[in-house]
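I have placed the structure first, in the form of structure tokens, so that the comments after it can refer back to it.
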Ligand SMILES: [Zn+2]
Ligand SMILES: [Zn+2]
Ligand SMILES: [Zn+2]
């Protein structure tokens, strides 16, 4: 049985921003992120689950916005939290310029 996402109606961000400054919650709190994800319902930019603060997951939990997309260069996957399903959404276009990860720099990865 092929899993399908039933939340595609909530995708409102179909054009990715040209650039972002980083995880908005980390920037506000002074914390550090590793990878960036964008909420496809409202455009909130948060950090991944490998980041200490898990802001993308926290946003999905507090807002009930179901789907995020990776903003990392070369990554075009999306993730539905309620379905726990990875997928590609061809209707979401564009490529976002992101700053180097503060944690990546700290770890010598950037
Ligand atoms: Zn879904
Ligand atoms: Zn963050
Ligand atoms: Zn959102």
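In our numbering, the protein residues as written are 12 to 121.
Beta carbons: idealized from backbone N, C-alpha and C, even for Gly.
Starting from the C-beta of residue i, find all residues in its chain whose C-beta is less than 8 Å away, skip the five residues before and the five after it, and write them out in chain order.
i	result
residue 14	94, 96
residue 29	105, 107, 108
Nearest-angstrom Cα distance between residue i and residue j?
i	j	result
residue 76	residue 65	15 Å
residue 50	residue 116	25 Å
residue 91	residue 53	14 Å
residue 56	residue 86	15 Å
residue 84	residue 70	22 Å
So residue i and residue j are in contact, right, with Cβ under 8 Å, and what is the actual spacing, rounded?
i	j	result
residue 22	residue 100	7 Å
If I follow the unbroken beta strand (DSSP E) through residue i, where does it start and stop?
i	result
residue 91	88-91
For the alpha helix (DSSP H) that residue i lies in, which residues bound it at each end?
i	result
residue 39	35-40
Consult DSSP for residue i and reduce its assignment to one of helix, strand or coil.
i	result
residue 96	strand
residue 10	The structure shown does not extend to residue 10, since the chain is modelled only from 12 through 121, so no value can be given for it.
Taking 6 Å as the limit between beta carbons, can you name the residues of its chain near residue i, skipping five residues before and five after?
i	result
residue 89	78, 80, 98, 100
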